[in-house]
Ligand SMILES: Nc1ncnc2c1ncn2[C@@H]1O[C@H](COP(=O)(O)OP(=O)(O)OP(=O)(O)O)[C@@H](O)[C@H]1O
Ligand SMILES: [Mg+2]
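Chains as they are written, first to last, in my numbering: chain A, 1 to 283; chain B, 284 to 537.
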């Protein structure tokens, strides 16, 4: 693997993405749900940042706000110092839900962003094929999503977003429906692409090992309301080989994240059960 | 969705279908022979088949066939263009939709065919009246299904479009419309059935051209086998249109 550490000068540059004091509340029939509570974050160009936190803590909401898809929040998001209103051309998103277009073949799905930006057909097909091969789907170009497994569809969605060549890549649990081996390989691939294209990548994951293996930093979020519990600097050398993963330092990061998340998850489950009990007692 | 994955069973399903029809006809034939069915109400299938040649040669079936098909084509084309457009409009303007959706649904179950005198007054005793009746009858399901398809477009697909910065126009043509096509086709197939029923019905009622008029003629002459033979031709038209619709659907939706 030809993964080189980023030049220090670049990594130290101004934040490419700044999230400033975001508060997001959803009105629901049972009252207001505070999804994000004064979340601030700044991401350097070329950085790989993972977001980790218990289910329902507001990770997807944070991504939707950064991606310009969610309005009605307090606070500020800026990209390259410029305030963001609506989807920004520098941002590419991979969604948590299955999001391939069922009426398009794999090739046509991956071509999609290029078609929108008016790239000539021959050229965009060639580019799309490259990204399809990158996610290990070479040979499936003319299949329809209905003929693919869940993990394969997710890879199509990843390839489609990669074809957009965004400066900032937001991926919401893109590897969730993959087996451990594919997950590792694809994680490596994404990392490789990220370093080649100098892409800034934000990844939501539930997989602690994966987060430590891939990230420069990890943002741990609290259970509702989602706050920043901790930002962990993963100062392990790159490339992170199986040796790194077996190392003591790696183990310490994993243990730290484990205990953080266990606390939050326990609190989350307790609160949720309490809520349901109260609801059951209601009129 | 599932049809895409269907394993091709070869000609077996079609053969089974034909065998089923043959068995039914034999049964009717038998029931009439033993006197359980009145041959003056239901003619023997063998007689009906025997009258095909006569009806085709003497009654200008080919010409009538073409006329009915033409009327159907015009009606279906109108239903598609107008129905989908109205559906899109109602989906866009939610006030308009809330105001009219129930009415459209009510209209779908109304016996439109009874409005033929009104259409006669408006369009005269012509093929136009027939086409317009077919159009009116086929319109509601297409409108309703178009609205349904558009409003059930998955949110995440729209989010994908937004994140790729699609213009509203691209959003419609590249995401909303293709994702609604399966529902729209359900509407079109229903609309086709309603249109055909009404077209043949009005041909029958106003005694103007086409297969409906032939059915009327033969029935009035009390040529029962001929009447049923003519009805068979209507079935052929219906099957033909259905097959075209399914082809188009498979070609458009994959
Ligand atoms: N549109 C909405 N309306 C009301 N509540 C919402 C909405 N979207 C999210 N929420 C609430 O906000 C909270 C955060 O949701 P979010 O989807 O961001 O969680 P998440 O961290 O991505 O969870 P998971 O790991 O399960 O995907 C949840 O409690 C959810 O119920
Ligand atoms: Mg989520």
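We treat Cβ as the ideally placed atom computed from N, Cα and C, and that holds for glycine.
Note that the structure is predicted; figures quoted are calculated from it, not measured.
Next item on the list: Check whether the Cβ of residue 28 of chain A sits closer than 7 Å to any heavy atom of ligand 1, and report yes or no.
Entry: Your numbering for residue 28 of chain A matches position 28 in the first chain. For ligand 1, at least one heavy atom lies less than 7 Å from the Cβ of residue 28 of chain A.
Next item on the list: Just tell me which of A/41, A/105, A/32 has its CA closest to the CA of residue 228 of chain A.
Entry: Indexing the first chain from 1 puts residue 228 of chain A at position 228. For residue 228 of chain A, the nearest C-alpha among the options comes from A/41.
Note to self: Can you give me the C-alpha to C-alpha distance between residue 356 of chain B and residue 139 of chain A, rounded to a whole angstrom?
What the structure shows: Position 73 of the second chain, counted from the start, is the residue given in the question as residue 356 of chain B. Position 139 of the first chain, counted from the start, is the residue given in the question as residue 139 of chain A. Those two C-alpha atoms are separated by around 41 Å.
Check: What does the shell around ligand 2 hold, if a residue joins when its beta-carbon is under 7 Å from any heavy atom?
Finding: A/59, A/60, A/96, A/172, A/173, A/204
Margin query: Measuring only the C-alpha atoms, how far is residue 410 of chain B from residue 536 of chain B?
Written below: Working through the second chain from its first residue, we reach residue 410 of chain B at position 127. Working through the second chain from its first residue, we reach residue 536 of chain B at position 253. So the alpha carbons of these two residues sit roughly 33 Å apart.
Note to self: Tell me the rounded alpha-carbon separation between residue 352 of chain A and residue 407 of chain B.
What the structure shows: Since the first residue shown for chain A is 1 and the last is 283, residue 352 of chain A is missing from the structure and cannot be characterised.
Check: Quick one: is residue 222 of chain A buried, meaning 16 or more other Cβ sit within 10 Å of its Cβ, or exposed?
Finding: Indexing the first chain from 1 puts residue 222 of chain A at position 222. Buried, since its Cβ has 16 or more Cβ neighbours within 10 Å.
Check: CB of residue 177 of chain A to nearest heavy atom of ligand 1: below 7 Å?
Finding: On the first chain, position 177 is the one that residue 177 of chain A refers to. Not under cutoff, so the answer is no.
Check: Quick one, which of B/427, B/463, B/414 has its alpha-carbon nearest residue 441 of chain B's?
Finding: To locate residue 441 of chain B, count along the second chain from 1; it is residue 158. Ranking the options by Cα distance to residue 441 of chain B, first place goes to B/463.
Check: Under three-state DSSP, which class holds residue 138 of chain A?
Finding: If you number the first chain from 1, residue 138 of chain A lands on position 138. Residue 138 of chain A: coil per DSSP, three-state reduction.
Item checked: For residue 69 of chain A, the three-state DSSP class (helix, strand or coil) -> Here residue 69 of chain A is taken as the residue at index 69 of the first chain, counted from 1. If DSSP states are grouped into helix, strand and coil, residue 69 of chain A belongs with coil.
Notebook entry, point to check: By Cβ distance, which residues of its chain are closer than 6 Å to residue 32 of chain A, with the 5 residues on each side in sequence left out?
Noted result: Counting from one through the first chain, the residue named residue 32 of chain A turns up at place 32. Closer than 6 Å at Cβ, skipping near neighbours: 25.
Check: Measuring from the CB of residue 262 of chain A, is there a heavy atom of ligand 1 at a distance below 7 Å?
Finding: The residue you call residue 262 of chain A lines up with position 262 of the first chain. Not so, every heavy atom of ligand 1 lies at least 7 Å from the Cβ.
Checklist line | Nearest residue (CA-CA) to residue 484 of chain B, options B/398, B/504, B/376 | finding: The count along the second chain starts at 1 and reaches residue 484 of chain B at position 201. Considering only alpha carbons, the answer is B/398.
Notebook entry, point to check: Buried or exposed: where does residue 59 of chain A fall if 16 or more other Cβ atoms within 10 Å of its Cβ makes it buried?
Noted result: Your numbering for residue 59 of chain A matches position 59 in the first chain. Buried, because 16 or more other Cβ atoms sit within 10 Å of the Cβ of residue 59 of chain A.
Check: In chain A, what lies closer than 7 Å to residue 536 of chain B by C-beta?
Finding: Position 253 of the second chain, counting from 1, holds the residue named residue 536 of chain B. Residues of chain A passing the Cβ test: 103.
Next item on the list: State the start and end residues of the unbroken alpha helix (DSSP H) segment that holds residue 449 of chain B.
Entry: Taking the second chain and counting its residues from 1, the one referred to as residue 449 of chain B is at position 166. First-last for residue 449 of chain B: undefined, no H or E at that position.
Check: Under 8 Å Cβ-Cβ, which residues of chain B neighbour residue 148 of chain A?
Finding: Your numbering for residue 148 of chain A matches position 148 in the first chain. Here the premise fails: no neighbours, minimum Cβ distance about 11 Å.
Notebook entry, point to check: If you scan the region 78-164 of chain A from start to end, which runs of the alpha helix (DSSP H) of 4 or more residues do you find wholly inside it?
Noted result: 106-116, 121-134, 150-163
Next item on the list: With a floor of 3 residues, list each beta strand (DSSP E) that falls wholly inside the region 180-237 of chain A, ordered by position along the chain.
Entry: 200-204, 217-221, 228-233
Note to self: Is there a C-beta anywhere in chain A that falls below 8 Å from the one on residue 528 of chain B?
What the structure shows: In the second chain, residue 528 of chain B corresponds to position 245, counting from 1. Not one chain A Cβ lies under 8 Å of residue 528 of chain B.
Notebook entry, point to check: With burial defined as no fewer than 16 other Cβ atoms inside 10 Å of the residue's Cβ, what is the status of residue 4 of chain A: buried or exposed?
Noted result: In the first chain, residue 4 of chain A corresponds to position 4, counting from 1. Bear in mind that the predicted position of residue 4 of chain A carries a pLDDT of just 46, short of 50, making it unreliable; the figure below should be weighed with that in mind. Residue 4 of chain A should be labelled exposed.
Notebook entry, point to check: So, is the C-beta of residue 475 of chain B closer than 8 Å to a C-beta in chain A?
Noted result: Here residue 475 of chain B refers to the residue found at position 192 of the second chain. Chain A, which has no Cβ nearer than 8 Å to the Cβ of residue 475 of chain B, makes this no.
Next item on the list: Taking only heavy atoms of ligand 1 into account, decide whether any of them is closer than 7 Å to the Cβ of residue 55 of chain A.
Entry: Start at 1 with the first residue of the first chain, and residue 55 of chain A comes out as number 55. Because some heavy atom of ligand 1 lies under 7 Å away, the Cβ of residue 55 of chain A counts as near it: yes.
Margin query: Between A/214, A/126, A/262, which has its C-alpha nearest residue 194 of chain A's C-alpha?
Written below: For the purposes of this step, residue 194 of chain A is taken as the residue at position 194 of the first chain. Considering only alpha carbons, the answer is A/214.
Notebook entry, point to check: Hey, is residue 27 of chain A's beta-carbon within less than 8 Å of any beta-carbon in chain B?
Noted result: The sequence position of residue 27 of chain A within the first chain is 27, counting from 1. Chain B contact via Cβ: absent.
Next item on the list: Go through the region 305-336 of chain B residue by residue and report every complete run of the beta strand (DSSP E) that reaches 3 residues or more, in order.
Entry: none
Checklist line | Proximity test, residue 35 of chain A beta-carbon vs ligand 1 heavy atom, cut-off 7 Å | finding: In the first chain, residue 35 of chain A corresponds to position 35, counting from 1. Residue 35 of chain A: yes, Cβ under 7 Å from ligand 1.
Item checked: Boundaries of the alpha helix (DSSP H) in which residue 508 of chain B is found, first to last residue -> Taking the first residue of the second chain as position 1, residue 508 of chain B is located at position 225. From DSSP, the alpha helix (DSSP H) with residue 508 of chain B extends over 507-535.
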